[in-house]
Amino acid sequence: MSMLMCKQIQPLQHIPTGGIDLPVLRSRHQKEKVVVIMGATGTGKSRLSIDLATRFPAEIVNSDKMQVYEGLDVVTNKITEEERCGVPHHLLGAINPDSDFTAGDFCNMASVAMKSVASRGQLPIIVGGSNSCVEALVDDDDYTFRSRYDCCFLWVDVSMPVLHSVVSARVDRMVDAGMVDEARKMFNPSADYSRGIRRAIGVPEFDRYFRFGESSDEVVRARLLQEAIKDTKINTRRLAWRQLEKIYRLRNAKGWKMHRLDATDVFRKHGREANKVWEELVLAPSMDIVSQFLSSFEHKEHVDARQLRVAAMGTAMAAATH
15 MSMLMCKQIQ
25 PLQHIPTGGI
35 DLPVLRSRHQ
45 KEKVVVIMGA
55 TGTGKSRLSI
65 DLATRFPAEI
75 VNSDKMQVYE
85 GLDVVTNKIT
95 EEERCGVPHH
105 LLGAINPDSD
115 FTAGDFCNMA
125 SVAMKSVASR
135 GQLPIIVGGS
145 NSCVEALVDD
155 DDYTFRSRYD
165 CCFLWVDVSM
175 PVLHSVVSAR
185 VDRMVDAGMV
195 DEARKMFNPS
205 ADYSRGIRRA
215 IGVPEFDRYF
225 RFGESSDEVV
235 RARLLQEAIK
245 DTKINTRRLA
255 WRQLEKIYRL
265 RNAKGWKMHR
275 LDATDVFRKH
285 GREANKVWEE
295 LVLAPSMDIV
305 SQFLSSFEHK
315 EHVDARQLRV
325 AAMGTAMAAA
335 TH
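All letters in the sequence shown, in the order written, are residues 15 to 336 by our numbering.
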C-alpha cells in the first residue's frame, strides 16, 4: 500500500450519494449497513478497506483470526499505524497471544465493535482473510445478524498464478522487514503450534531452523533458513487456495451475493501504473457499489429467533402428516 495515498486522500464527511449522511439512512425500521471485504491473502483487501474508509465515514473491524492477536506484526502482516491513515481499527492486536480465539469469540467481539461503530454514525467495514469467522458472524444460528444488518460483500480476486508470485515476493519482503527475528522471540522448544498466535504461518515453519540451525555450521544454518522461508511461501499459497475455495462455496452453495473485483492486472504493473489500474479496476467500481448500497433501503425484519424455530418446526410437522 502506497503511503502517498494517505496524504492525498481527504476523508469525506458526506456520502457521495446526494449528500445523504449515514444517520439519515437509518431509522428503527431500517437495517444497519455493513460492508464486508473478502479475498485470498495478498489480494489487497486492507488497501481497499483504507481506500473506502478514507472516502466514506467508516471504521474497520478486523476479521483475520491471526491479526487479532497482540504481537508478531510482521509475521501476521498486520497493517501498520502509518498505513491505517488515521482510520480506527477494531479487533487488531487485541487478544493475548497465548489464548485460543474461536469463531464464537470473533462473533461476540465483532458484534460489539459493529454496534459501537454504528452508534457513532459510522459505517463498519469488516475485512480479513478468515472466512470461517465471517461466515459464523453473518450466518449465525438465530438469524440475529441478517435481521439487523444489510450487507454489501466486496470480493477482491487475483488469478492464482499471479497471486503465487505476489505471495512469494511478500514473504521475501517480510523476511527483510525482520520476520525471522520476530518469530525467534516467540520460539519455545515445547511450544504448542495448535494454539494461539503460534498457529500463524511463519511460526511453525521456522521451528527446525531455531531448534537446530543456529547451533549448526554456516552451510546447514543457511539451508535450514531457506527451507523455512520456502515452507512459509508454500503454506501461504495453500492458505490462499483454501480461502478462495471457501469464497466460492459461500457464493455458489450459500448464495452470498458478492461483487467480484478482479485485481489481477494491478499486480502485473508497477509503481504509478499499478496504482492507476487499481483505481480503475478496483477502487472506482467499489466506490460506486458502496455508494449505491448506502443509498438503498431495506426494511429491518423484527422477527424473534424463537418464533422462527417454532414456525420451522410447525411446518415440518405439518408436512410429516400429509
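Every residue gets a Cβ at the ideal spot worked out from N, C-alpha and C, and that includes glycine.
The alpha-carbon of G56 is positioned some 11 Å away from that of S173. Closest in alpha carbon position to V194, among Y262, Q240 and S310, is Q240. With fewer than 16 other Cβ atoms from the protein chains shown falling within 10 Å of its own Cβ, S208 counts as exposed. DSSP places V50 in the uninterrupted beta strand (DSSP E) bounded by E46 to M52. For M272, there is no enclosing alpha helix (DSSP H); the enclosing beta strand (DSSP E) covers residues M272 to D276. Under the three-state reduction of DSSP, H178 is assigned to helix.
Distances from the CA of H178 to each of E46, F307, F281 and V48 were compared; the closest alpha carbon is that of F281. Shown here, D164 sits in a strand according to DSSP, grouped into three states. For A127, the enclosing alpha helix (DSSP H) starts and ends at A117 to S133.
Here DSSP, grouped into helix, strand and coil, assigns L62 to helix. Cβ-Cβ distances below 6 Å link T90 to M80, Q81 and A214 in the same chain, with the five nearest sequence neighbours on each side left out; the list follows chain order. I243: member of the alpha helix (DSSP H) spanning E232 to N266, first to last residue. A direct Cα-to-Cα measurement between V181 and R198 gives close to 22 Å. One thing to note: I140 has its Cβ within 9 Å of the Cβ of V48. Shown here for I93: same chain residues with a beta carbon closer than 6 Å to its own, the five before and five after excluded, namely S60 in chain order. Of the residues assessed, P203 falls on the exposed side of the cut-off, its CB having fewer than 16 other CB atoms within 10 angstroms.
Two segments are said to touch when three or more pairs of C-beta atoms, one from each, lie closer than 8 Å; by this definition the stretch 255-267 does not touch the stretch 223-243. For E73, there is no enclosing alpha helix (DSSP H); the residue is part of the beta strand (DSSP E) that begins and ends at A72 to N76. Under a 10 Å Cβ-count criterion, T116 is classified as exposed, with fewer than 16 other Cβ atoms of the shown protein chains found around its own Cβ. Secondary structure at D221: helix, using DSSP grouped into helix, strand and coil. Put simply, of S144, L151, D112 and D65 the residue whose alpha carbon is nearest the alpha carbon of S125 is L151. Between K283 and V296 the beta-carbon gap is near 12 Å, outside 8 Å, which marks them as no contact. Under DSSP, the beta-bridge partners assigned to I139 are V49 and I74. In terms of Cβ geometry, F70 and L168 do not form a close pair [threshold 9 Å]. Cβ neighbours of F220 within its own chain (closer than 6 Å, five residues either side excluded): A197 and A242. If you draw a straight line from the Cα of K247 to the Cα of S305, it comes to about 37 Å. Within the same chain, L62, L66, L168 and L275 come within 7 Å of S300 by CB-CB distance, once the 5 residues on both sides are set aside. Within the same chain, and ignoring the five residues on either side of G227 in sequence, the residues whose Cβ sits closer than 6 Å to its Cβ are R235 and L238.
Rounded to whole angstroms, M272 and G192 show a C-alpha spacing of 36 Å. Between the beta-carbon of E73 and that of V101 there is about 7 Å, and that keeps the pair under the 8 Å contact cut. With contacts defined by Cβ atoms closer than 9 Å, M200 and G85 form a contacting pair.
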